[in-house]
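Engineer: Before we start, here is the structure in question, set down as structure tokens.
In the working numbering, the protein residues as written are 161 to 841.
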């Protein structure tokens, strides 16, 4: 069984070994949130896909007389639709069409001097960030299909589960070993307080990972429980003890006990992360397992076992000192997240159909940031589902949520039809893990952590294979899911494989160029190290690899404007670069501020040109971040100065507005009063 069943013996072990290595590497590399880590994951996943596709093409060429059957899981359509949605957001469209589909996007691009406008515009307010987000998610899709087409035995499935459990155990041991010094590979983690984080920077993300591992491990425990040989009840005590001591009876029970104890340790560690979302997700996962067992009248002992397991985990954690972490449920510090949720819903109302573009929340958010969140930096909405709604609109949200529900329903229906103990146990654990991960995403952003997304894809493949594969002696001989049949010359199969090969090569090339650009001029956030500002030549080299990243244009402009390299001939180029930065990320208030200040620095060269442009860009920055008192103060003081010295150059809509902005600044930032009084004096 499997796509590569008839090929050389090296391909399957290679694919499985590399897949397992990825599942180990990504969590250990700070969750693969940094450039070097997620690009490594992406390049490796691309290599996996290329090997799989090359194997399929070889099989088509070497055995043209055989009929070919390929699994066709329900997620095929969702993946294709997701790619189409990504292209819709990043492709340039006529401005009139964009104005019709997303009026707010055009309105934001029209702010200031209109440098965000062009005859053809993308729907996304940062196409590069949107494409990069898609490139980060793609490895999870790849590992799902690689495992689906490669795994052909229960032993391999168990090995994958053991890899996930082993990584989770390492996270726990490493986290407790550095619980007080908060070190991750020598770097001091300043973001975790006194909570367990392992090698993840955020304790909530470790909790999401542990939740999946616990539920998957408990499902494997149920599968082992069913497989333990039972002794006759009428045996004499001496004979019963003698039979119990035999390897064939003792070994399965010891293995089952060790697994249960390991899962218990992971559950206790989850409590020490202090993640309320993680603990609630775990309870939801166990509740789902209990409901499934009860509805199918499966063994009632499983329900008692789950109850005892959870009670034992809580009591053990309390004995170890987890009361402060459990008390976090009494701490109602949810105001910030609720305000972010509210802002995400407002964003969705402004971009209802196709959203503002994936990975644009952190830039667009400030336009609708509630006053109570003043001074708080939100890159994510702390709810993957609400952020998905805001960034992809109703179309993207319906697509992903609908595909997920159909997939889970498909798995649940198949679970109800299976009678095999291994399939029922591991399949139920996988179902609970998938549901718990999605539930956790209601109040956190685990799916923006590449390590979690990658593991989630692997768990989906494990669950699918456990439920739909059949065989004897531990090997999968056939599968019961829908297939595609390629008879005859199989031109369609050749076309599909070659198209996927081309797509994967394009992905590989794009990732390679992006990584070369980041190596030349690092601009992505890396909380573990401080990178000195790149020189102008570094930014120029980065732009040759990746001309889509707005940060490279901004960085090069700032380098040219630096004190050491400021030359009059650099002014036109810096102006062009800053305009390019605004065009490629028009919702970023910082770019508008930078461009406005650039014009102010050069206003003496051409006051009639630069002063009106500066004021419009500063006004755009205020419109994009209306709750910033400092921006209002900056605009108000510049307007007041211009009214005195260059009143005729004031744009008509900005005349007599200095007082309003200064009053607004004082209301938002009362500490600015001393500066405002000093200006008046």
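We treat Cβ as the ideally placed atom computed from N, Cα and C, and that holds for glycine. Just so you know, these numbers come straight off a predicted model, no measurement behind them.
Quick one: which unbroken alpha helix (DSSP H) runs of 4-plus residues sit fully inside the region 208-292? Chain order, please.
Structural biologist: 235-250, 255-261 and 263-270
Engineer: Report back the beta-carbon spacing between residue 667 and residue 298 to the nearest angstrom; my notes put them in contact at under 8 Å.
Structural biologist: The residue you call residue 667 lines up with position 507 of the chain shown. The residue you call residue 298 lines up with position 138 of the chain shown. That pair is a contact at about 6 Å.
Engineer: Which runs of the alpha helix (DSSP H) spanning at least 4 residues fall entirely within the region 542-580, listed in chain order?
Structural biologist: 544-577
Engineer: Using only CA atoms, which one of 209, 256 and 599 lies nearest to residue 304?
Structural biologist: Position 144 of the chain shown, counting from 1, holds the residue named residue 304. The option with the nearest alpha carbon to residue 304 is 209.
Engineer: Rounded to whole angstroms, what's the CA-CA distance from residue 321 to residue 706? Just pull it up for me.
Structural biologist: As a working note, residue 321 is residue 161 in the chain shown. As a working note, residue 706 is residue 546 in the chain shown. Cα to Cα, residue 321 sits roughly 39 Å from residue 706.
Engineer: Using a threshold of 7 Å, state whether the C-beta atoms of residue 612 and residue 369 are closer than that.
Structural biologist: For this step, residue 612 is matched to residue 452 along the chain shown. For this step, residue 369 is matched to residue 209 along the chain shown. Yes; because the gap between Cβ atoms is below 7 Å, this pair is in contact.
Engineer: Please report the distance separating the alpha-carbon of residue 294 from that of residue 246.
Structural biologist: The residue given as residue 294 occupies position 134 in the chain shown. The residue given as residue 246 occupies position 86 in the chain shown. When rounded, the distance between both Cα atoms is 7 Å.
Engineer: Starting from residue 534 and walking both ways along the alpha helix (DSSP H), at which residues does that stretch end?
Structural biologist: Position 374 of the chain shown, counted from the first residue, corresponds to residue 534. No alpha helix (DSSP H) holds residue 534; DSSP gives it neither H nor E.
Engineer: Note down, one range per segment and in chain order, each alpha helix (DSSP H) of at least 4 residues found wholly within the region 733-817.
Structural biologist: 749-761, 767-784 and 789-805
Engineer: Ignoring anything shorter than 4 residues or poking outside the region 679-705, list the alpha helix (DSSP H) runs there in chain order.
Structural biologist: 696-705
Engineer: In whole angstroms, what separates the C-alpha of residue 373 from that of residue 821?
Structural biologist: Here residue 373 is taken as the residue at index 213 of the chain shown, counted from 1. Here residue 821 is taken as the residue at index 661 of the chain shown, counted from 1. So the alpha carbons of these two residues sit roughly 53 Å apart.
Engineer: Touching or not, the region 524-536 and the region 783-800, by the rule of three or more beta carbon pairs under 8 Å?
Structural biologist: yes
Engineer: Let me check understanding here. Comparing Cα to Cα, which of 511, 546, 520 and 485 lies closest to residue 501?
Structural biologist: Within the chain shown, the letter at position 341 stands for residue 501. Nearest option by C-alpha distance: 546.
Engineer: Tell me, to the nearest whole angstrom, how far the beta carbon of residue 710 is from that of residue 751; I am working on the premise that it is less than 8 Å.
Structural biologist: Here residue 710 is taken as the residue at index 550 of the chain shown, counted from 1. Here residue 751 is taken as the residue at index 591 of the chain shown, counted from 1. About 7 Å separates the two Cβ atoms, so the contact holds.
Engineer: Cα-Cα, which of 179, 174 and 171 is closest to residue 618?
Structural biologist: Reading the chain shown from its first residue, position 458 is the one you call residue 618. With distances taken between Cα atoms, residue 618 lies closest to 179.
Engineer: Among the residues of its own chain, which have a CB less than 7 Å from the CB of residue 496, if the five just before and after it don't count?
Structural biologist: What you label residue 496 is simply residue 336 of the chain shown in a count that begins at 1. Contacts found: 533 and 536.
Engineer: Starting from residue 313, follow its DSSP beta bridges and name the residues at the other end.
Structural biologist: What you label residue 313 is simply residue 153 of the chain shown in a count that begins at 1. For residue 313, which the question treats as bridged, DSSP gives the partners 635.
Engineer: Could you give the distance in angstroms between the alpha-carbon of residue 724 and the alpha-carbon of residue 288?
Structural biologist: To locate residue 724, count along the chain shown from 1; it is residue 564. To locate residue 288, count along the chain shown from 1; it is residue 128. At residue 724, the pLDDT of 48 sits below 50, so the modelled position is not reliable; the number obtained from the coordinates is stated separately. Those two C-alpha atoms are separated by around 31 Å.
Engineer: Please state whether the Cβ-Cβ distance between residue 589 and residue 376 is less than 7 Å.
Structural biologist: By 1-based counting over the chain shown, the position of residue 589 is 429. By 1-based counting over the chain shown, the position of residue 376 is 216. The answer is yes: Cβ separation under 7 Å.
Engineer: Which one of 445, 469 and 382 has the shortest CA to CA distance from residue 425?
Structural biologist: Mapped onto the chain shown, residue 425 falls at position 265. If we check each option's Cα against that of residue 425, 469 comes out closest.
Engineer: If you draw a straight line from the C-alpha of residue 477 to the C-alpha of residue 740, how long is it?
Structural biologist: Here the question's residue 477 lines up with position 317 in the chain shown. Here the question's residue 740 lines up with position 580 in the chain shown. About 55 Å.
Engineer: Excluding the 5 residues preceding and the 5 following residue 715 in the sequence, name in chain order all residues of the same chain whose CB lies nearer than 7 Å to its CB.
Structural biologist: As a first step, residue 715 is located in the chain shown; it is residue number 555 there, counting from the start. So the qualifying residues of the chain are 681, 683, 694 and 699.
Engineer: Identify which residue in 791, 771 and 770 has its Cα closest to the Cα of residue 780.
Structural biologist: As a first step, residue 780 must be located in the chain shown, where it is residue number 620. Of the listed residues, the one whose Cα sits closest to residue 780 is 791.
Engineer: Can you tell me which of the three DSSP states residue 453 falls into?
Structural biologist: Start at 1 with the first residue of the chain shown, and residue 453 comes out as number 293. Residue 453 sits in a helix when the DSSP states are folded into three classes.
Engineer: Taking C-alpha atoms, which residue in 659, 774, 628 and 805 lies nearest to residue 794?
Structural biologist: By one-based count along the chain shown, residue 794 stands at place 634. Looking at the Cα atoms, 774 is the closest of the given residues.
Engineer: I'd like the span of the alpha helix (DSSP H) that includes residue 172, first residue to last.
Structural biologist: Locating residue 172 in the chain shown gives position 12, counting from the first residue. Run containing residue 172: 171-188, per the alpha helix (DSSP H) assignment.
Engineer: In three-state terms, what does DSSP make of residue 344?
Structural biologist: Within the chain shown, the letter at position 184 stands for residue 344. Strand, per DSSP.
Engineer: Does residue 842 pass the burial test, meaning 16 or more other C-beta atoms within 10 Å, or should it be called exposed?
Structural biologist: The displayed coordinates of the chain run from 161 to 841. Any statement about residue 842 would go beyond what the structure contains.
Engineer: Look at residue 717 and residue 737 and say whether their C-beta atoms are less than 7 Å apart.
Structural biologist: As a first step, residue 717 must be located in the chain shown, where it is residue number 557. As a first step, residue 737 must be located in the chain shown, where it is residue number 577. Their beta carbons are under 7 Å apart, which means residue 717 touches residue 737 by this criterion.
Engineer: Are the CB atoms of residue 510 and residue 264 within a distance shorter than 7 Å?
Structural biologist: Numbered from its first residue, the chain shown carries residue 264 at position 104. Numbered from its first residue, the chain shown carries residue 510 at position 350. Yes. Within cutoff.
Engineer: Compute the Euclidean distance between the alpha carbons of residue 221 and residue 211, then round it to the nearest angstrom.
Structural biologist: The residue given as residue 221 occupies position 61 in the chain shown. The residue given as residue 211 occupies position 51 in the chain shown. Each residue's Cα considered, the two are about 15 Å apart.
Engineer: Is DSSP giving residue 201 helix, strand or coil here?
Structural biologist: For the purposes of this step, residue 201 is taken as the residue at position 41 of the chain shown. Helix.
Engineer: Can you check which of these residues, 749, 735 and 676, is closest to residue 203 by C-alpha distance?
Structural biologist: Locating residue 203 in the chain shown gives position 43, where the first residue counts as 1. The shortest C-alpha separation from residue 203 is found at 676.
Engineer: Relative to the C-alpha of residue 602, which candidate in 544, 622 and 563 has its C-alpha closest?
Structural biologist: To locate residue 602, count along the chain shown from 1; it is residue 442. Taking only the C-alpha atoms, the option nearest residue 602 is 544.
Engineer: Rounded to the nearest angstrom, what separates residue 165 and residue 413 at their Cα positions?
Structural biologist: Taking the first residue of the chain shown as 1, we reach residue 165 at position 5. Taking the first residue of the chain shown as 1, we reach residue 413 at position 253. In this prediction, residue 165 has a pLDDT of 47, which is less than 50 and means its spatial position is unreliable; what the coordinates show is noted afterwards. Each residue's alpha carbon lies about 34 Å from the other.
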